[in-house]
Amino acid sequence: MALRESATFSRGVIDDIQRAAETGVYDIRGWGAKRAVPHFDDLLFLGASMSRYPLEGYRERCDTDVVLGDRNARYPLHLQTPVTIAGMSFGALSAQAKEALGRGASEVGTSTTTGDGGMTPEERGESKHLVYQYLPSRYGMNPTDLRKADAIEVVLGQGAKPGGGGMLLGQKISDRVAGMRTLPAGIDQRSACRHPDWTGPDDLAIKILELREITDWEKPVYVKVGATRTYYDVKLAVAAGADVVVVDGMQGGTAATQDVFIEHVGIPTLAAIPQAARALQELGLHRHGVQLIVSGGIRSGADVAKAMALGADAVAIGTAALIALGDNAPRYAAEYEALGSAAGCYDDFQDGRDPAGITTQDPELAARLDPVEGGRRLANYLRVLTMEAQTIARACGKAHLRHLEPEDLVALTVEAAAMARVPLAGTNWIPGSGHA
Numbered sequence: 003m004a005l006r007e008s009a010t011f012s013r014g015v016i017d018d019i020q021r022a023a024e025t026g027v028y029d030i031r032g033w034g035a036k037r038a039v040p041h042f043d044d045l046l047f048l049g050a051s052m053s054r055y056p057l058e059g060y061r062e063r064c065d066t067d068v069v070l071g072d073r074n075a076r077y078p079l080h081l082q083t084p085v086t087i088a089g090m091s092f093g094a095l096s097a098q099a100k101e102a103l104g105r106g107a108s109e110v111g112t113s114t115t116t117g118d119g120g121m122t123p124e125e126r127g128e129s130k131h132l133v134y135q136y137l138p139s140r141y142g143m144n145p146t147d148l149r150k151a152d153a154i155e156v157v158l159g160q161g162a163k164p165g166g167g168g169m170l171l172g173q174k175i176s177d178r179v180a181g182m183r184t185l186p187a188g189i190d191q192r193s194a195c196r197h198p199d200w201t202g203p204d205d206l207a208i209k210i211l212e213l214r215e216i217t218d219w220e221k222p223v224y225v226k227v228g229a230t231r232t233y234y235d236v237k238l239a240v241a242a243g244a245d246v247v248v249v250d251g252m253q254g255g256t257a258a259t260q261d262v263f264i265e266h267v268g269i270p271t272l273a274a275i276p277q278a279a280r281a282l283q284e285l286g287l288h289r290h291g292v293q294l295i296v297s298g299g300i301r302s303g304a305d306v307a308k309a310m311a312l313g314a315d316a317v318a319i320g321t322a323a324l325i326a327l328g329d330n331a332p333r334y335a336a337e338y339e340a341l342g343s344a345a346g347c348y349d350d351f352q353d354g355r356d357p358a359g360i361t362t363q364d365p366e367l368a369a370r371l372d373p374v375e376g377g378r379r380l381a382n383y384l385r386v387l388t389m390e391a392q393t394i395a396r397a398c399g400k401a402h403l404r405h406l407e408p409e410d411l412v413a414l415t416v417e418a419a420a421m422a423r424v425p426l427a428g429t430n431w432i433p434g435s436g437h438a
């Protein structure tokens, strides 16, 4: 008889069971979900032909700018591209990486975000538009840095671990990281899963008002949620006073958390965007009043365009930005192999041994990353994303990226059609709509 591997108890599952039985601890890793879920690749654009007219790229403009936070803030952010940099902490990343992110984002006129653990001088100095994350841990949080920021992002959840807190293992808590977080150096740290001073949206409204008063009503206030009950979470965030809502899908990355969170909690980005857009539409605030930023698995200009067609005003990238800086580069293949991994597969960010010098606090490894060169690479990547999105928008006859709409999309699979609420290609059928 031919041997057959079990679909339920595959070799990977057997390895996981044996590891758990041997060690008695759960697996911790970084990055995002590896399982296959409906994603942007399952959507296609309907370019212009006879019934629509495309725009000529050499003669007709297609604008890409976006204003974030004009609902209440005195100084909303005016970005030249809708592709922003997501929150990633100093601690998870090296100081050189944080500086490089600021340099690259500033070069193309977009924003970057601090992350858990506070604001570094390098990051603030090189970031034209810097969003300050206000997290449950309060690590590194102080009113002075709040006032230095250009916007504030109140983080309620993250796509890789909605409902759970983050981790930073002791080997990444250097003296500088420990000082910023008021922690002992070299000791594992676990972030809280919820804020210590409120329990619901009414309390959040009070906190947002407090943040506005601390910053003299100058800064936009974002609220970030992990994609789960997205429709209701967005409505509650808006009711609490958010100027911008950030929705992070399950493909979003993390520095470190339980593998069971990454793979089994949350919903795909593709499923979350239409829910968020519908919530804002019902409140009369979609496309004007409250902006929607989407993150989790954005890789290309096509992904940017598809997210915006489904209802996003802007997107945020994290993992892709680190790869642009040089992470997972083939030139470090031998060193990845020595770690028991390979270029393109390394996800043990919590271990702090990243050969590229990006997700580490080891001074020798961190020195491998030149912030100027890293910033240049990131800026190139951001320009490519923007131009690719423009190319698609022009092909659909749109003079601005924000003019893209669900009508411009079709789905390749029934699952993607149902999640994205767009027709299956070649039909008018949206599963669950009741219309054939």
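In terms of this note's numbering, the sequence shown opens at residue 3 and continues consecutively.
Just so it is clear, CB atoms sit at the ideal spot from N, CA and C, and this is done for glycine as well.
Three-state secondary structure (DSSP) at residue 50? coil
What does residue 30 pair with, by DSSP beta-bridge criteria? 260
Opening and closing residue of the alpha helix (DSSP H) in which residue 108 lies: 97-109
Nearest to residue 280 by alpha carbon, out of 237, 331 and 124? The shortest C-alpha separation from residue 280 is found at 237.
Status (buried if at least 16 other CB within 10 Å, exposed otherwise) for residue 155: buried
Going by C-alpha distance, which of 313, 290, 8 and 61 is nearest residue 296? 313
Go ahead and pull the three-state DSSP assignment for residue 371. coil
Between the C-alpha atoms of residue 50 and residue 107, what's the straight-line distance to the nearest angstrom? 32 Å
Based on the DSSP output, what are the partners of residue 293 in its beta bridges? DSSP output for residue 293 lists 246 as bridge partner(s).
Please report the straight-line C-alpha distance between residue 179 and residue 190, rounded to a whole angstrom. 12 Å
Just list the residues that DSSP pairs residue 65 with in beta bridges. 402
From residue 246 to residue 370, what does the alpha carbon distance come to, in whole angstroms? C-alpha separation (whole angstroms): 36 Å.
Starting from the N-terminal side, write out each stretch of the beta strand (DSSP E) that is 3 residues or longer and does not extend beyond the stretch 334-389. none
List the DSSP bridge partners of residue 192. 169
For residue 124, three-class secondary structure by DSSP: helix
Report the option in 31, 424 and 202 whose CA atom is closest to the CA atom of residue 277. The option with the nearest alpha carbon to residue 277 is 424.
When you measure from the CB of residue 364 to every non-hydrogen atom of the ligand HEM, does any distance come out below 7 Å? Among the ligands in the structure shown, none appear at all, so the ligand HEM cannot be discussed.
If you compare alpha carbons, which of 3, 111, 21 and 33 is closest to residue 321? 33
Is the stretch 252-270 close to the stretch 145-161, with three or more CB pairs under 8 Å? The stretch 252-270 vs the stretch 145-161: in contact.
Pull up the DSSP beta-bridge partners for residue 86, would you. Beta-bridge pairing links residue 86 to 318.
Following the continuous beta strand (DSSP E) through residue 223, name the residue where it begins and the one where it ends. 223-228
Neighbourhood of residue 54 by C-beta, 6 Å cutoff - its chain only, sequence neighbours within 5 removed: Sequence-distant Cβ neighbours of residue 54 in its own chain, meaning closer than 6 Å and more than five residues away, are 399.
Looking at residue 114 and residue 104, is the spacing between their C-beta atoms short of 8 Å? In this structure, residue 114 lies closer than 8 Å to residue 104 by Cβ.
Would you kindly check if the distance between the Cβ of residue 411 and the Cβ of residue 81 is under 8 Å? Contact: no.
Using a threshold of 8 Å, state whether the C-beta atoms of residue 100 and residue 62 are closer than that. no
Assumed close pair residue 306, residue 85 - CB separation to whole angstroms, cut-off 8 Å: Under the criterion of beta carbons closer than 8 Å, residue 306 and residue 85 qualify as touching, at roughly 6 Å.
With H, G and I counted as helix, E and B as strand and the rest as coil, what does DSSP make of residue 409? Taken through DSSP and simplified to helix, strand or coil, residue 409 comes out as helix.
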